[in-house]
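Engineer: The opening position of the sequence shown corresponds to residue 1 in full-length UniProt numbering, with each subsequent residue numbered one higher.
Even glycine gets a Cβ: it sits at the ideal position worked out from N, Cα and C.
Since this is a predicted model, take the numbers as computed values, not measurements.
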Amino acid sequence: MAYLELNNIYKTYGEGENATEVLSDINLSIEEGEFVAIVGFTGSGKTTLVNLINGLLKPTSGKVLFKGEPVVDTSHERGVIFQNYSLLPWLNVGQNVYMAVKEAFPKESKAVLKQRVNEYVDMVSLTPAINKRPKELSGGMRQRVAVARALAMNPEMIIMDEPLGALDALTRGNLQDEILNIWSKDKRTALLITNDVDEAIYMADRVIPLKPGPNATLGPEFKIDIDRPRDKTALNDNPNYKKTRNAIIEYLMDIGAERKSVSTEEYELPEIAPKSFVA
Ligand SMILES: Nc1ncnc2c1ncn2[C@@H]1O[C@H](COP(=O)(O)OP(=O)(O)O)[C@@H](O)[C@H]1O
Ligand SMILES: [Mg+2]
1 MAYLELNNIY
11 KTYGEGENAT
21 EVLSDINLSI
31 EEGEFVAIVG
41 FTGSGKTTLV
51 NLINGLLKPT
61 SGKVLFKGEP
71 VVDTSHERGV
81 IFQNYSLLPW
91 LNVGQNVYMA
101 VKEAFPKESK
111 AVLKQRVNEY
121 VDMVSLTPAI
131 NKRPKELSGG
141 MRQRVAVARA
151 LAMNPEMIIM
161 DEPLGALDAL
171 TRGNLQDEIL
181 NIWSKDKRTA
191 LLITNDVDEA
201 IYMADRVIPL
211 KPGPNATLGP
221 EFKIDIDRPR
231 DKTALNDNPN
241 YKKTRNAIIE
251 YLMDIGAERK
261 SVSTEEYELP
271 EIAPKSFVA
């Protein structure tokens, strides 16, 4: 039995004439302890997929199974680092993380919870900003709070929806390593959604492209046979890395181009569009 299983998932938004099938025939199986990355274009249905796994959305058809049981609701066992941070604006950084750990460990004493909050706020280098509210933080800082909040809850499975997108390269690299540390030390299972192929290869055991939508479906998987812990600076000289990176990028460019040529046939442009507008 796989740890997480998606069987023939279809997801349509809207009804009748307004119905759009966003995801189509999604099949995926993740083993306990694995780190899987899904790479895809904006708007292809990545967040929809995360919400189906998390239990915030229900598939139109098909099944999501977590440890053999259908997913019917959200659960602390599956922690999500959301793309849009979703912090509570009236609480400061420490309080935002505190709310989450209190929910995850309702029986722990205040002192233990506070200690845990401090530890994770420090992990994302936000100790100097612990008393600030979200509106006083940059996008990157908010994203780090979201990372701290999700990881402090100690979820069995870590689901990440483009968690590091708003960060500068240095912070991004540091947090990639922190997430990898937690994943390997605590033997977690991880699903990373990203549009960054290098990040996907650096972090994951398998990289799977999500084809552009509508009717987005998963492409072939690319196994990442590079020993861990991986050395980011050495990766560039690793022939295995170069080969896999090229293969994934080539695949994404091919399906991107394919979809583009299909879509210009499907959609009629308005009369007023200048000829040069037609790509
Ligand atoms: N609640 C919704 N109702 C209708 N359409 C939606 C909804 N959420 C997302 N979509 C549409 O579904 C598609 C995929 O969205 P999303 O899963 O957010 O993609 P991604 O995360 O890959 O950018 C987009 O075209 C988006 O406009
Ligand atoms: Mg998204």
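So the alpha helix (DSSP H) Ala104 belongs to, where does it begin and stop?
Structural biologist: Segment 93–104, the alpha helix (DSSP H) holding Ala104.
Engineer: Distance, Cα to Cα, Asn51 vs Asp73?
Structural biologist: Roughly 10 Å separates the two Cα atoms.
Engineer: Spell out the partners DSSP gives Ile9 in its beta bridges.
Structural biologist: DSSP, once it has assigned bridges, lists Ile26 as partnering Ile9.
Engineer: For the segment 144–210, which segments carrying the beta strand (DSSP E) assignment without a break, of at least 3 residues, lie completely within its bounds, in sequence order?
Structural biologist: DSSP runs (the beta strand (DSSP E)) wholly in the segment 144–210: 157–161, 189–194, 206–210.
Engineer: Three Cβ pairs or more, each shorter than 8 Å: is that satisfied between the segment 20–28 and the segment 207–216?
Structural biologist: Touching, per the Cβ criterion.
Engineer: For ligand 1, is there any heavy atom lying closer than 7 Å to the beta carbon of Gly140?
Structural biologist: Checking every heavy atom of ligand 1 against the Cβ of Gly140, none is found closer than 7 Å.
Engineer: Could you tell me whether the segment 76–92 touches the segment 149–160, where touching means 3 or more Cβ pairs closer than 8 Å?
Structural biologist: Verdict: yes, contact present.
Engineer: What residue range does the beta strand (DSSP E) around Lys63 cover?
Structural biologist: Residues 61–66.
Engineer: Could you work out which residue in Pro59, Met1, Thr48, Glu32 is closest to Asn8 when comparing CA atoms only?
Structural biologist: Here the closest residue by C-alpha is Pro59.
Engineer: Since residue 319 and Val36 should fall inside the 8 Å C-beta cutoff, what is the C-beta to C-beta distance between them, to a whole number of angstroms?
Structural biologist: Residue 319 cannot be examined here, being either before or after the span of the chain that is shown, 1 to 279.
Engineer: So for Ile130, helix, strand or coil by DSSP?
Structural biologist: Three-state DSSP puts Ile130 in coil, outside helix and strand.
Engineer: Check whether the segment 153–164 and the segment 188–202 touch, using three or more Cβ-Cβ pairs below 8 Å as the test.
Structural biologist: Yes, the segment 153–164 is in contact with the segment 188–202.
Engineer: Compare the C-alpha of Ser61 against each of Lys211, Tyr13, Tyr98 and name the closest.
Structural biologist: Measuring from the Cα of Ser61, the nearest candidate turns out to be Tyr13.
Engineer: Beta-carbon within less than 6 Å of Gly55's beta-carbon, same chain only, minus the 5 sequence neighbours each way: which residues are those?
Structural biologist: Contacts found: Val71, Asp73, Thr74.
Engineer: Across the segment 130–139 and the segment 90–99, are there enough close Cβ pairs to call them in contact, namely three or more that are closer than 8 Å?
Structural biologist: Result yes; three or more Cβ-Cβ pairs closer than 8 Å.
Engineer: My understanding is that Tyr143 touches Leu126, with C-beta atoms under 8 Å, so please give their C-beta distance in whole angstroms.
Structural biologist: The amino acid at residue 143 is misidentified as Tyr; the sequence shows Gln. Not quite, the Cβ-Cβ distance comes to about 11 Å (not below 8 Å), so this is no contact.
Engineer: Under the three-state reduction of DSSP, which class applies to Gly14: helix, strand or coil?
Structural biologist: Gly14 falls in the coil class under three-state DSSP.
Engineer: How would you label Glu15, buried or exposed, when you count the other beta carbons within 10 angstroms and need 16 or more for buried?
Structural biologist: Glu15 is exposed by the Cβ-count criterion.
Engineer: According to DSSP, is Val72 part of a helix, a strand, or is it coil?
Structural biologist: Looking at Val72 - three-state DSSP - the assignment turns out to be coil, as it is neither helix nor strand.
Engineer: Tell me which same chain residues have a C-beta within less than 7 Å of the C-beta of Arg230, skipping the five on either side of it?
Structural biologist: Taken in chain order, the residues that qualify are Tyr202.
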